[in-house]
Every structure is written in C-alpha cells, then in structure tokens.
Amino acid sequence: MSFPADRPRRLRRTAALRALVAENRLHPSDLVQPLFVREGIEEPRPIPAMPGQVQHTRESLRKAAAAAAQAGVRGIMIFGIPETKHADGRGAWDEHGIAQLAIADVVAEVGDAVVVIGDINLDEYTDHGHVGILGGDGDVDNDASLLAYTRVAVAQAEAGAHMVAPSGMMDGQVAAIRAGLDAAGHERLPILAYAAKYDSAFYGPFRTAVESSFAGARSTHQQDPANLREALREVRLDIEEGADLVMIKPAGLYLDVVRKVADTVDVPVVAYQVSGEYAAIEAAALHGMIHRERAIEESLIAIRRAGARIVITYWATEVSQRLCP
Ligand code: PBG
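So in our numbering, spot 176 of the sequence shown is number 176, and the numbers just go up one at a time.
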C-alpha cells in the first residue's frame, strides 16, 4: 500500500491555516446594501416576500444607512416607492420625488463615507410597471425612454448621489446619461451600468417590494438566460458608451457570466444578488432546511470567487456586522 505524497489536507487542519491560504474573502468594503424607501408611510413596512427587509420611512432609512456605514459597508443603493404612479413615470425625475429626497437624506447622514447610488429606471414610478415610456405597440420605446433616464440621472445627481446605475436595458442608455450628466456639469459622477441584466424570475420579490403592477414581460429588453456571448456584447457597448463599472444581474445563477466578464474587461465588475436569491435562502432557512448564515456566506463567497469585485446584496449590513463585529 502506497501513501499519497501530496496532501492538500495539510493546509486545512486548523482555522488559522484555512484563513491564511483562503483565495478569496468577504469584506464589508466589497458589499453594497440596497434599501427601499416608501413615500407616505409612518412606520417601516415589512416586505413579506423578502423576510427581514422593509419599505423604510425617510426616518428609518437614515437609521439603516447609518447602520450600514457603521458596519463598514461601502455602498448603499436606494429604491424609491412613490405614493402615486403615472403613465410616464414622472415621479422618477421630480426634484421632490421620493428617491431624490431619500438620496439627499442619506447623503446628509453618511456624507462621503458610503457611496450613495441611485437606480435609474421608471418601473417603480409607472402605473403600468414598465421600465420606460410605452410606444404605440405597447412595447417600451427605446429612445423616448432615454430622454426620461437622462432627466432621472440629473435629478439624482442634483440630490447628491455619488453614483448612478441605469437598470432599464435600453440600447444607448449609458451614452445618453453620460451626455446628459456632462451637460449639466456632473462630469465627475460615475455610472454603474446594469450591463448584463437577464430576464429573470428571481426579480419577483423585488416587484412586490416596489408595489409594481407589472404583469407583462421584459424579454424584449432584458437578456435571454440562455446567452453568454450576448452579455459580452452588452458589456462592451456599455464600456464604449462610458460605463465606469459594469454589473451582472442576477449573480448566483450567472457565475459563468461574471467570470467571463471579469476576465475580459478592465473596469470593476459588480454582481447583484437579487431579491429571489435572497428569498430562496431565507425561505429554506425559515423551514429549517438549510443553515442560514452558512448558506448566505457561501452564496456570497461564490460570487467573489467568480470574479466580482463588488457584490450588491440585501445581506450586506448583516454580513458585515458578523465579519467585523
Ligand atoms: C429596476 C430594478 C429591478 C431590480 C433592480 N433594479 C427590477 C426589475 O428589473 O424588474 C431587481 C432587483 C432584485 O430583484 O433584487 N428598478
């Protein structure tokens, strides 16, 4: 009987050895916390499809932002839910719109210690729930929506956002927003492009969180889950148009895309662990089917291992508090 000479287990014997040789690790600086804020409520409202997450009041949002900052989280992404929705989504660029007020509140709370990121889209603000302005055929009108996105970007910039993130998947959105921001004197504001955003069932809980009435499909603008090469095309276009960071979304089911993009581009790569990924683990844990904390951390380290520099996750503050108590 011959014994193995090469013994990988030598490096796994103690926790210190394992930590010393770990190829990747989670750190609060790599995490972005998305937060919801709802116009016209007095108390935070739990989001049933996202156990542990709430629609914040402006007041409770400030506290959540302070807690994220305190935990070392480096980014906060703000999603506003207006009291009233319109066909053209005009609340999205109203200077007194909920997202603009919330961005200003959070910046007042955390200053430059955390990167405050605005989401550029109309879906929370349209009564039909589409991401843009509808054309005569009932589909989203690409170029009419670009104009609206540019207005949203400038409104968020004026409110004090440190970064804007267009998520509508309209062709040319990054170029349009870049030009609009530059013309308004915001040349220094970075754009985080939702570059490869798939048409995913895993956005379901988010849509309940923002009270979306959406009943149609986003398959004419979001990507087909069957495609990888197409993601490279979307990423290339966004970088050519001026994206400063590129995002892949969802994250956990698209790790091959994250890896491929990370190996291809020279801008920071971001992955968004979406509401359905969050809900799936929370639900399984709630039923005692899975070890909650271990599953959360494994899901996150997998995204980092695939090559994402930054991970957007609803667990950002919680995990950061655990990592660096
Ligand atoms: C658009 C936007 C969505 C998400 C982030 N930005 C919704 C959508 O595209 O339908 C989804 C995030 C998630 O599911 O956690 N405002």
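Glycine included, every Cβ here is placed at the ideal spot set by N, Cα and C.
Beta-carbon proximity list for residue i, same chain, < 6 Å, skipping 5 on both sides
| i | result |
| --- | --- |
| Ala243 | Val174, Ile191 and Ala193 |
| Gln33 | Ala68, Val73, Ile76, Ala316 and Thr317 |
| Ala113 | Ala69 |
| Glu234 | Ala195 and Ala196 |
Residue i CB to nearest heavy atom of ligand 1 below 7 Å
| i | result |
| --- | --- |
| Arg207 | yes |
| Tyr203 | yes |
| Asp119 | yes |
| Val274 | yes |
| Glu124 | yes |
| Ser213 | no |
Among the options, the one whose alpha carbon lies nearest that of residue i
| i | options | result |
| --- | --- | --- |
| Glu297 | Ala5, Leu20, His27 and Arg9 | His27 |
| Glu83 | Glu211, Ala295, Ala316 and Leu300 | Glu211 |
| Ala87 | Ala67, Ile133, Gly111 and Val110 | Ile133 |
| Tyr254 | Ala196, Asp238, Arg294 and Asp137 | Ala196 |
| Asn121 | His291, Gly168 and Ala68 | Gly168 |
| His130 | Ile239, Arg90, Ala22 and His162 | Arg90 |
| Val270 | Ile177, Glu59, Val246 and Asn24 | Val246 |
| Pro51 | Val319, Arg178, Asp238 and Leu286 | Leu286 |
| Pro268 | Ser213, Arg12, Tyr203 and Arg304 | Arg304 |
| Gly252 | Asp105, Ile301, Ala165 and Val164 | Ile301 |
| Val107 | Ile310, Ala71 and His162 | His162 |
Residue i: first and last residue of the uninterrupted beta strand (DSSP E) it sits in
| i | result |
| --- | --- |
| Arg38 | Leu31 to Arg38 |
| Ala165 | Met163 to Pro166 |
| Lys85 | Looking at the DSSP string, Lys85 is not in any beta strand (DSSP E), and its letter there is neither H nor E. |
| Gln55 | Val54 to His56 |
| Ile118 | According to the sequence displayed, residue 118 carries Gly and not Ile. Per DSSP, Gly118 belongs to the beta strand (DSSP E) from Val115 to Ile120. |
| Ile301 | Taken as a continuous stretch (DSSP letters only), Ile301 belongs to no beta strand (DSSP E), being part of the alpha helix (DSSP H) at Arg292 to Arg305. |
| Tyr149 | From DSSP, Tyr149 is part of no beta strand (DSSP E) but of the alpha helix (DSSP H) over Asn142 to Ala159. |
Where the alpha helix (DSSP H) containing residue i begins and where it ends
| i | result |
| --- | --- |
| Ala104 | Ile98 to Val110 |
| Leu11 | First-last for Leu11: undefined, no H or E at that position. |
| Tyr314 | From DSSP, Tyr314 is part of no alpha helix (DSSP H); its letter is neither H nor E. |
| Val235 | Arg229 to Glu241 |
| Ala280 | Ser275 to Leu286 |
Neighbourhood of residue i by C-beta, 8 Å cutoff - its chain only, sequence neighbours within 5 removed
| i | result |
| --- | --- |
| Glu95 | Ala155, Glu158 and Ala159 |
| Glu293 | Arg322 |
For residue j and residue i, the rounded distance between their alpha carbons
| i | j | result |
| --- | --- | --- |
| His186 | Asp143 | 22 Å |
| Thr126 | Gly276 | 22 Å |
| Gly80 | Ala65 | 14 Å |
| Leu181 | Arg9 | 54 Å |
| Ile312 | Val319 | 12 Å |
| Arg178 | Ile290 | 44 Å |
Contacting residues, own chain, Cβ-Cβ under 7 Å from residue i (five flanking each side not counted)
| i | result |
| --- | --- |
| Ile41 | Gln55 and Thr57 |
| Val152 | Ala92, Trp93 and Ile120 |
heavy atom of ligand 3 below 7 Å from residue i C-beta
| i | result |
| --- | --- |
| Ser167 | Inclusion of ligand 3 in the displayed structure is not the case, the ligand content consisting of ligand 1 alone. |
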